[in-house]
Amino acid sequence: MIEKTIQNWHDHMRGNYEPGLDGLIHDDCVFYSPVVFTPQKGKEITMMYLNAAGATLGNAADGDPKERDENHIPFRYIKEVVAGNTAMLEFERTSGGKYMNGIDIITCDDEGKIIEFKVMIRPLQAVNLLHKQMGAMLEKMSDGK
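Note that the working numbering has the sequence shown beginning at 41, numbered continuously upward.
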C-alpha cells in the first residue's frame, strides 16, 4: 500500500502530483518536527510544516540527483526502505554551507493517506540552521495569510 503513496510523494516533490499535499495527507495526520517538542496534529498544520520545509530546503526538482558538489548538494532522496505501511526516505542537501542529512519516516493508512510524518535531521549544526530557517519561513507564511 505505501509504495503508491511514496510514488505520489516523489511525484509531489517534483511538482508532478496534481492533488498536491491535500491528496496525500490524512485529516488526522500527526507531524513530528526535528525542532518542535510536541507532535503537531492535523492535516492543516502538517501541510503548513511540509510546505515551509519545501520552501526552505527546496525539493527534488531543484537539481539532478546524480550531481554532487561538496559545496552545493540540492535536496534529494538517496535511500529508501519500505515495509508494510511505513517508509523511511533518507535525504541530503547543503544549506547555508552546512551539510544536512535526514530521514523522513512516513506511515500511511490502508487507503494510502499519510497518517504520520516524522523528520529526523543530523548533524546538530544542520538542526540549528533548519530551526532558524524554518522559523523565518513559518513567520513569512503566516504574515502572507
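The beta-carbon is built from N, C-alpha and C at its ideal position, and this holds for glycine as well.
Nearest residue (CA-CA) to residue i, options the options
| i | options | result |
| --- | --- | --- |
| residue 81 | 89, 90, 71 | 71 |
| residue 97 | 43, 145, 151, 141 | 141 |
| residue 148 | 122, 94, 176, 57 | 122 |
| residue 173 | 45, 84, 91 | 91 |
| residue 68 | 129, 161, 79 | 79 |
| residue 179 | 124, 95, 63, 130 | 95 |
| residue 166 | 125, 75, 56 | 75 |
| residue 65 | 85, 56, 73, 54 | 85 |
| residue 154 | 175, 160, 57, 63 | 63 |
| residue 125 | 53, 162, 151, 176 | 151 |
| residue 50 | 162, 127, 139, 177 | 127 |
Identified DSSP bridge partners for residue i
| i | result |
| --- | --- |
| residue 119 | 130 |
| residue 144 | 129, 159 |
| residue 71 | 80, 157 |
| residue 135 | 138 |
Exposure of residue i, with buried meaning 16 or more beta-carbon neighbours within 10 Å
| i | result |
| --- | --- |
| residue 164 | exposed |
| residue 168 | exposed |
| residue 144 | buried |
| residue 182 | exposed |
| residue 73 | buried |
| residue 157 | buried |
| residue 41 | exposed |
| residue 131 | buried |
| residue 56 | exposed |
| residue 176 | exposed |
Three-state secondary structure (DSSP) of residue i
| i | result |
| --- | --- |
| residue 167 | helix |
| residue 89 | helix |
| residue 65 | strand |
| residue 54 | coil |
Would you call the segment 111-118 in contact with the segment 132-150, where contact means no fewer than 3 C-beta pairs closer than 8 Å? yes
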